[in-house]
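Presented below is the structure to which this report refers.
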Amino acid sequence: MLKKSLSVLSALALSSCSIVGINNTPQAKYTNIKTDDNFSVRVYAPLTEAQVTVEDSDYKSAVNKGFGYLFRYITGANIAKQDIQMTAPVKIEQSSQKIQMTAPVMIAGDDKSWTIAFVLPAQYTLQNAPKPTSDKIKLVEKPETKMAVVTFSGFLDKDSIDSNTTKLKTWIKANHYEIVGQPEAAGYNPPWTIPFLRTNEVMIPIK
5 MLKKSLSVLS
15 ALALSSCSIV
25 GINNTPQAKY
35 TNIKTDDNFS
45 VRVYAPLTEA
55 QVTVEDSDYK
65 SAVNKGFGYL
75 FRYITGANIA
85 KQDIQMTAPV
95 KIEQSSQKIQ
105 MTAPVMIAGD
115 DKSWTIAFVL
125 PAQYTLQNAP
135 KPTSDKIKLV
145 EKPETKMAVV
155 TFSGFLDKDS
165 IDSNTTKLKT
175 WIKANHYEIV
185 GQPEAAGYNP
195 PWTIPFLRTN
205 EVMIPIK
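Going from the sequence shown to my numbering is simple: count from 1 and add 4.
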């Protein structure tokens with residue numbers, strides 16, 4: 005079965021959001037190299053993720069459980085007892101500080117399990133990111149990646165993900181790119197956002 009990914013930005017992390025769901029959370033760094041209506045090609049800079057895999061066939065249940073683990077990690081459940089802030093540079097020490105998260109949150113899965121990952125701010129690497137206290141959470145470095153992207157509004161459910169994945173694959177083929185990885189989906193707004201104001205994406209690694 006085709007492996008899917010989903011990126012979801014946590015509402016709990018969006019203290020700067022308005023009631024219509026506009027957020028000011030910094031995104032993972034990328035360079036846009038092509039735009040074609042609602043399609044684009046981006047090159048994402050190397051990044052570090054905190055990942056947790058949840059054994060649960062139900063998507064919503066798995067995401068909620070995974071988010072719980074990762075939210076506790078960025079709010080102090082790590083060896084240094086640091087909260088990880090979204091944007092502020094934080095010096096990693098054996099002290100009580102916070103670590104902020106960078107949008108979006110990544111989720112990959114199949115029918116039996118889902119892997120949820122918070123993208124950490126650019127200053128963190130495997131060497132200096134606070135180590136999780138839970139052995140369920142893994143820190144992973146991702147290399148620079150070229151992604152084809154389709155952007156859409158509305159609800160980010162399985163139907164919309166599948167539909168937009170098909171559209172994106174068709175666009176990739178028509179533009180003579182080669183797919184080199186699994187689809188991912190990204191949601192950049194909290195759940196109270198009015199559907200037509202939401203920004204969602206499906207991404208596929210290409211070359």
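All residues carry an ideal CB built from backbone N, CA and C; glycine is no exception.
Just so it is clear, the structure is predicted and the values come from calculations on it, not from any experiment.
Taking the CA atoms as reference points, N193 sits about 32 Å from H180.
According to the DSSP assignment, W175 belongs to the alpha helix (DSSP H) that extends over 162–178. Within the model, the alpha-carbon separation for F43 versus A32 is close to 18 Å.
Contact between the stretch 119–129 and the stretch 165–173 is absent: fewer than three C-beta pairs spanning the two stretches fall below 8 Å.
In the structure shown, P199 adopts helical secondary structure according to DSSP, grouped into three states. Bounds of the beta strand (DSSP E) holding Y48 are 43–48. Its Cα nearest to that of K150, the residue I208 stands out among E188, T129, G72, I208. Here T35 is exposed, its C-beta having fewer than 16 other C-beta atoms within 10 Å. Around the beta-carbon of G191, 16 or more other beta-carbon atoms lie within 10 Å, marking it buried. Judged by DSSP secondary structure, G191 falls within the beta strand (DSSP E) whose first and last residues are 188–191. Distances from the alpha-carbon of T57 to those of Q186, Y73, T137, F156 put Y73 closest. The beta carbons of T52 and A133 sit about 6 Å from each other, so the pair counts as a contact at 8 Å.
Per DSSP, the beta bridge partners of N36 are R46. In this structure, F159 places its C-beta atom within 8 Å of the C-beta atom of P199. For I78, the uninterrupted alpha helix (DSSP H) segment begins and ends at 63–78. In this structure Y63 is in contact with K162, their Cβ atoms being roughly 7 Å apart against a cut-off of 8 Å.
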